[in-house]
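Here the protein sequences line up with chains G and L, keeping their order. Note that the first sequence covers residues 1 to 112 in UniProt numbering. Note that the second sequence covers residues 1 to 854 in UniProt numbering. C-beta atoms are modelled at their ideal positions from N, C-alpha and C, and glycine is treated no differently. Taking it in order: structure first as C-alpha cells, then the write-up.
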Amino acid sequence: MRPAGGVLWLGWLIAGPTVWAVAFSLAYGLHGMGCEFGWPAVAVGPVSLHRLAIALPALAGALICLGLLARVKTALGPEADLPRLGLWIGLVATLFSLAPVLVATSCGPGLG
Amino acid sequence: MNTPMNTPANTPLTPHDPASIPANPPQRALGLHRELDRVWRNAPGLRGQITAVSHTTLGLRFMVTAFLFFGIGGLLAMLIRAQLATPNGAFLDTALYNQIFTMHGSIMMFLFAIPMLEGLAMYLLPKMLGTRDLAFPRLSALGYWCYLLGGLILIAALLAGVAPGEGWFMYTPLSGKTYSPGINADVWLLGVTFVEISALSAAIELMVSILRLRAPGMKLTQMPLFAWYMLGTAAMMLAGFPPLILGSVLLEMERAFGWPFFDPERGGDPLLWQHLFWLFGHPEVYIIFLPAAGVLSTVIPVLCRTQIVGYGAIVAAILGMVFLSFGLWVHHMFAVGIPHLALAFFSAASMLVAVPTAVQIFAWIATLWRGRPELKLPMLYILGFFFTFVMGGLTGVMLAVVPFNWQAHDTAFVTAHLHYVLIGGFVFPMLAGVAWWMPLMSGRRRVRGLGEAAFWFILVGFHGTFFLMHLTGLMGMARRIPSYPENPEWTALNLSSSFFGFVMTIGFALFAIDLILQAGFGKRSVRNPWKAPSLDWAMALPPPNYNFASLPGPALQQAGAEAAMLALAKGEGLLPGAPRGRREILVTSVGTARPEHVAILPVNTGLPLLLALAISAFVLLMLAGLYTLAPLALIPVVTLIWIWARRAMAPLDATPIEVAPGLVLPVQPGDGGTLTRSGLVSLLFANGTFFASLLFGLAFISLVSPGPPRPLWPADRTVLLATGAVLALLAMAALGLPRALSHIETGRRAGAGLPVAFAANLLALALLLALGLGQLPDPTRHAADAVRAALVAYVGLHAAIATLFTAFALDQARRGELAPGRAGALRNAGLWQSYTLAAAAVTLAALWAQEAAS
Numbered sequence: 001m002r003p004a005g006g007v008l009w010l011g012w013l014i015a016g017p018t019v020w021a022v023a024f025s026l027a028y029g030l031h032g033m034g035c036e037f038g039w040p041a042v043a044v045g046p047v048s049l050h051r052l053a054i055a056l057p058a059l060a061g062a063l064i065c066l067g068l069l070a071r072v073k074t075a076l077g078p079e080a081d082l083p084r085l086g087l088w089i090g091l092v093a094t095l096f097s098l099a100p101v102l103v104a105t106s107c108g109p110g111l112g
Numbered sequence: 001m002n003t004p005m006n007t008p009a010n011t012p013l014t015p016h017d018p019a020s021i022p023a024n025p026p027q028r029a030l031g032l033h034r035e036l037d038r039v040w041r042n043a044p045g046l047r048g049q050i051t052a053v054s055h056t057t058l059g060l061r062f063m064v065t066a067f068l069f070f071g072i073g074g075l076l077a078m079l080i081r082a083q084l085a086t087p088n089g090a091f092l093d094t095a096l097y098n099q100i101f102t103m104h105g106s107i108m109m110f111l112f113a114i115p116m117l118e119g120l121a122m123y124l125l126p127k128m129l130g131t132r133d134l135a136f137p138r139l140s141a142l143g144y145w146c147y148l149l150g151g152l153i154l155i156a157a158l159l160a161g162v163a164p165g166e167g168w169f170m171y172t173p174l175s176g177k178t179y180s181p182g183i184n185a186d187v188w189l190l191g192v193t194f195v196e197i198s199a200l201s202a203a204i205e206l207m208v209s210i211l212r213l214r215a216p217g218m219k220l221t222q223m224p225l226f227a228w229y230m231l232g233t234a235a236m237m238l239a240g241f242p243p244l245i246l247g248s249v250l251l252e253m254e255r256a257f258g259w260p261f262f263d264p265e266r267g268g269d270p271l272l273w274q275h276l277f278w279l280f281g282h283p284e285v286y287i288i289f290l291p292a293a294g295v296l297s298t299v300i301p302v303l304c305r306t307q308i309v310g311y312g313a314i315v316a317a318i319l320g321m322v323f324l325s326f327g328l329w330v331h332h333m334f335a336v337g338i339p340h341l342a343l344a345f346f347s348a349a350s351m352l353v354a355v356p357t358a359v360q361i362f363a364w365i366a367t368l369w370r371g372r373p374e375l376k377l378p379m380l381y382i383l384g385f386f387f388t389f390v391m392g393g394l395t396g397v398m399l400a401v402v403p404f405n406w407q408a409h410d411t412a413f414v415t416a417h418l419h420y421v422l423i424g425g426f427v428f429p430m431l432a433g434v435a436w437w438m439p440l441m442s443g444r445r446r447v448r449g450l451g452e453a454a455f456w457f458i459l460v461g462f463h464g465t466f467f468l469m470h471l472t473g474l475m476g477m478a479r480r481i482p483s484y485p486e487n488p489e490w491t492a493l494n495l496s497s498s499f500f501g502f503v504m505t506i507g508f509a510l511f512a513i514d515l516i517l518q519a520g521f522g523k524r525s526v527r528n529p530w531k532a533p534s535l536d537w538a539m540a541l542p543p544p545n546y547n548f549a550s551l552p553g554p555a556l557q558q559a560g561a562e563a564a565m566l567a568l569a570k571g572e573g574l575l576p577g578a579p580r581g582r583r584e585i586l587v588t589s590v591g592t593a594r595p596e597h598v599a600i601l602p603v604n605t606g607l608p609l610l611l612a613l614a615i616s617a618f619v620l621l622m623l624a625g626l627y628t629l630a631p632l633a634l635i636p637v638v639t640l641i642w643i644w645a646r647r648a649m650a651p652l653d654a655t656p657i658e659v660a661p662g663l664v665l666p667v668q669p670g671d672g673g674t675l676t677r678s679g680l681v682s683l684l685f686a687n688g689t690f691f692a693s694l695l696f697g698l699a700f701i702s703l704v705s706p707g708p709p710r711p712l713w714p715a716d717r718t719v720l721l722a723t724g725a726v727l728a729l730l731a732m733a734a735l736g737l738p739r740a741l742s743h744i745e746t747g748r749r750a751g752a753g754l755p756v757a758f759a760a761n762l763l764a765l766a767l768l769l770a771l772g773l774g775q776l777p778d779p780t781r782h783a784a785d786a787v788r789a790a791l792v793a794y795v796g797l798h799a800a801i802a803t804l805f806t807a808f809a810l811d812q813a814r815r816g817e818l819a820p821g822r823a824g825a826l827r828n829a830g831l832w833q834s835y836t837l838a839a840a841a842v843t844l845a846a847l848w849a850q851e852a853a854s
C-alpha cells in the first residue's frame, strides 16, 4: 500500500459495492417515478420507457464496474486484490439484483 | 531480539516506513507502570465511577448493563411464554401483554444487542490495535450515560404501566395519536432516540479509532479481522441509525404537533414509516451479526491452533454484507402491496446476501478442518452457533421467496426465524466471546463444569422453544396474539415451547452465576491462558487503563503476544510511559499506519454525565408534553458542549514529542488532520444519510402517497427573495472561513472573514425563522406542507449550529488562541459550513422539484 494511499485504497475497495448501491437506488427510485408518471405505457422501440429507464442504471453500473476492473491493477499494483474482489461484488450484485427488470411486470400489484 | 525495533539509532529514519523506527531503551517495568497508572487511572470511589472515561471501564460497564437489560428482557419473555402456554391464558390482560412483548423486543434490540456489541468493541479494539484508548473517551462516556438514562426511562415506563404496546417496530397508524393517545408510544420514540445517541457516538468513535489509532505499521490489510468487522459495523451504524432517528422524530412531530407525515387523510402514508424503520431494521440484523462474526473469526483459529482460512475472502464478504444488507429492507414489507418488479429486486438482493454469509461460514469450517479444534467452552458455543445460525439462515432464504413470505407473514414462523438468526448469530457467539475474554476482563479463571451445564441448558432450551414455533407458525398461529381459544391444535406445541423456554432461562441463569463466581471467587488466571497471538493478550490481567506501557511497532506486533508482552512493559515500544503527565496516544495514517502526530486525550471528567442529564431533561419535558419549556433544556446542552469543546484543545505550550529515538512528532498536525476532524467527517456522513432519508420522505409523499392531492402553495416573490438571500448568506460564510484560515496560517490575525461569517450565519438563521414562521403554509394542513417545513427546519438547525461554530472560532480569535497549526476550530467550522450550504442548495432544488411535479 502506498504510504499516503490509505483513503484512496479504501475508495477503490468500496467502489464496486457503491456502484451497486447507486444503481439499485436509482432503479428503485425510477421505478416509483415511472409508475406515478405512466411510463409503462410509453413505448421506446420494443420496450417500454419504464423498463428502459430502470435498465439503464443497471447497465451503466455494470459497465462502470467492468471499466474499473480493467484499471484496478494499474492503479493499485500489488494491493489490488481486495479492491478487485469488491468490484466483482459490485458487478455481480448489480446484474443479479436488477435482472428482474428483464422479466417482471413493472407496476402490477404484488399482492391480491 | 533480532527485530527492526532494535535497529541502531543511527539508521536513517524514513517517515514512510514504520518498520525502520528504532526501539526505545528498556526501562524498569514497575516504574513505567506507576507513572502511567497515576495519569490514566480512574478517580477513587463514586466520583471515579461518574468521571471515568477509560475505554476499559466503559466497555465493561456497557457489557454489564447490557446483560442486566438482557435479564429484564428475558423475564418479559418468560411472562409471554407463561401466557401462551395454554389457549386461554389469563395471566396477563391484553394491554399489558402488548406492552410486554413490545418491551421484550425493544429491550433486546436497543438495550441489549447494540450496547453489548458496543461494549465489547470499546473494550477490545484499543487493545487489539495496540493503542491506549479510543479516539474520543468523553464521547464513550456520554454514550454510556445516554444509554443508561434512556434505558431507565423505558424501564420506568414499564413499571408505571405506560410502556409502549405497539410492537417493537411501532407501525403507524397504530402508533399514531388516534390509536395510541397516551404517552406510551412517545416513551418509545423519545427513549429509543435518546439511547441511539450512544449508538451513533460509538460508531464515530470506533470508525475513527480503527482508521487513525492503529499501532504504527499495522496496515489495514494486516489488522485483526475483528477490527475489519467492527469497521463494517461502524459504517453500517452511521448509515443505518439515521433513518430510524428520522422516522422517530417525524412520528413524534406528528404526535406532538399534528404534522401529518403518516396520516393518509392528510396526504401522509403509513408505509413511509415502514420504509424508514426497515431502512434501519434490516441492516440492524447485520449490525448485530458482524461483531459476533468478528468474535468467531478471532476465537476459532486460536482454538484450532491454526490461522484463519481466507482472510481476504472474509474481508470481501464483510464488504459485501455491509452494502447488500441495505438493499433488503423491503423484504419486511412484501405483504403491503408493492409492485411486482420492486418485490423482485428486493427478493433477489435478499437471496444474494446469503452468499457472503456463506463465504464466512465456509471459511470457519475450513479453519476447523485445517486445525486441531479443542472442545473448550467457547468452542461449545461456537458449535451451537453453527447449528442454530445455519438453520436461521435457511429459513431466511425461505422468507426471501415472495410467495412463501406471503404465506408465513406475521406468523410464529417469522418469530422463530428471527430468534434463530439473532440468538444463533449474536447471542451464541457473544457467549463464546465472554467465555473467551473473561480471564482478560476479570483476571481470573472460571469454575469448571458450570459453564458447560449452562451451554447445554441454553442449547436444548432454545431449540425446544423456537424450533416448535416454526411448526405453530406453519399451522397458522399469528404472532403477538395473547390467546388462541379457537385453535386447540396449537396447545401441545405452545406448551412445549413454554416448557423449553424455562429450560433456556435456567441455562442463562447458570451462565450469569458462572460469571459472578469467576469474577468474584475464581483463581488468578495466568497471562494469555489461550496462547492467543493477538495484542489484546500482550498485557497484564486484568489490564490497566493505559493497556500498554509502550506502543508496539511492526516487529512487536508480529512477534505475538507472549514475546511482545515484556518488551512493551519495559518501554521498548513507542511513546513509553507518561513522562509529561498527560494521556498521550499515537495517531497514524489511514492506510499504512505511519505515525503522524501525538494526540493528548482528556482526563477524567463529569461533563459527559452532566450533558446526558441535560439531554434527558429535554426528553422528559417532551414526554410530559411541555413543548414550550423543552427548548429551554437545550440551553444547558449548548453550554456544556461549548465547555466540552473548550477543554478539548491541546495545551498551548505543547511541544513536539520524541516517540522513539530520532522520531519526533508534533502534538498538533500541521495539515489539520486531527482526530476531531475525522470524527466530524464521520458525523457528517451520518448526517448526510439522515438528510437523504428526509429527501426520500419528500419524494415518497410527493409521488407514491395515495392521500388527497397537495394543496397549492404558490411561492410568492418574498419567499423566492428570502431563499435566495439565505443561500447567498450561507455562501458568504462559506467563503469567509477559508479566508480567515489562510490569514491565521500565514501568521496574521483572522481578519474580517470570521466576523462576516458569523454575521452571515446569524442573518441566514433569522431569515429562515421568518420564512418558517411567516411564509410557509401551515404544516398541519397536509403531509407535503409538513415535509417542506421539516426540510426548512433541517437547514435552520444547521445554520444555527454553523453560527455556534463561527462564534466559537471568533471567541478563540479574541483570546489569541488561533495560530498557525492551531486553527482546527476554523477548519471544522469551514467543513460544517460547506455541508450546510450544500444541504440548503439541495433542499431548495428538492422543494422546487416538488412544486414542479405538482
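Short CB-CB distance (under 7 Å) between residue i and chain G
i: residue 216 of chain L; result: no
i: residue 414 of chain L; result: no
i: residue 7 of chain L; result: The predicted position of residue 7 of chain L is uncertain, since its pLDDT is 39 and thus under 50; a value taken from the coordinates is nonetheless stated next. Chain G, which has no Cβ nearer than 7 Å to the Cβ of residue 7 of chain L, makes this no.
i: residue 434 of chain L; result: no
i: residue 467 of chain L; result: no
i: residue 349 of chain L; result: yes
i: residue 352 of chain L; result: yes
Chain G contact residues for residue i, given Cβ-Cβ distances below 7 Å
i: residue 316 of chain L; result: 82, 85, 86, 89
i: residue 846 of chain L; result: Here the premise fails: no neighbours, minimum Cβ distance about 13 Å.
Cβ separation of residue i and residue j, assumed to be a contact under 8 Å, to the nearest whole Å
i: residue 503 of chain L; j: residue 457 of chain L; result: 6 Å
i: residue 102 of chain L; j: residue 182 of chain L; result: With a Cβ gap of about 13 Å, residue 102 of chain L and residue 182 of chain L do not count as contacting.
i: residue 363 of chain L; j: residue 309 of chain L; result: 5 Å
Minimum Cβ-Cβ distance from residue i to chain L less than 7 Å
i: residue 39 of chain G; result: no
i: residue 22 of chain G; result: no
i: residue 107 of chain G; result: yes
i: residue 48 of chain G; result: no
i: residue 100 of chain G; result: yes
i: residue 78 of chain G; result: no
i: residue 93 of chain G; result: yes
Where residue i meets chain L, residues with beta-carbon distance less than 7 Å
i: residue 57 of chain G; result: Within chain L, no residue comes near residue 57 of chain G; the closest Cβ sits about 12 Å away, beyond 7 Å.
i: residue 6 of chain G; result: 220, 589, 590, 591, 592
i: residue 104 of chain G; result: 340, 341, 344
Beta-ladder partner(s) of residue i, from DSSP
i: residue 524 of chain L; result: L:444
i: residue 588 of chain L; result: L:595
i: residue 583 of chain L; result: L:601
i: residue 574 of chain L; result: L:551
i: residue 399 of chain L; result: DSSP, once it has assigned bridges, lists no residue as partnering residue 399 of chain L.
i: residue 48 of chain G; result: G:43
i: residue 664 of chain L; result: L:658
Cross-chain neighbours of residue i in chain G, by beta carbon under 8 Å
i: residue 673 of chain L; result: None at all; the shortest Cβ gap to chain G is about 11 Å.
i: residue 703 of chain L; result: 32, 33, 36
Closer than 8 Å at the beta carbon, the chain B residues around residue i
i: residue 11 of chain G; result: This model lacks chain B altogether, as its protein chains are G and L.
Under 8 Å by beta carbon: chain L residues contacting residue i
i: residue 27 of chain G; result: 345
If the cut-off is 8 Å on Cβ atoms, which residues from the segment 308-336 of chain L count as contacting chain G, listed in chain order?
Legend: CB atoms of the segment 308-336 of chain L lying less than 8 Å from CB atoms of chain G belong to residues 312, 313, 315, 316, 319, 320, 322, 323, 324, 326, 327, 334, 335, 336.
**Item:** Residues from the segment 775-801 of chain L in contact with chain G, defined by Cβ distance under 7 Å
**Value:** Answer set for the segment 775-801 of chain L: empty.
Short-range partners of chain G found in the segment 808-831 of chain L, where Cβ spacing is below 8 Å: Taken residue by residue, none of the segment 808-831 of chain L has a beta-carbon sitting less than 8 Å from a beta-carbon on chain G.
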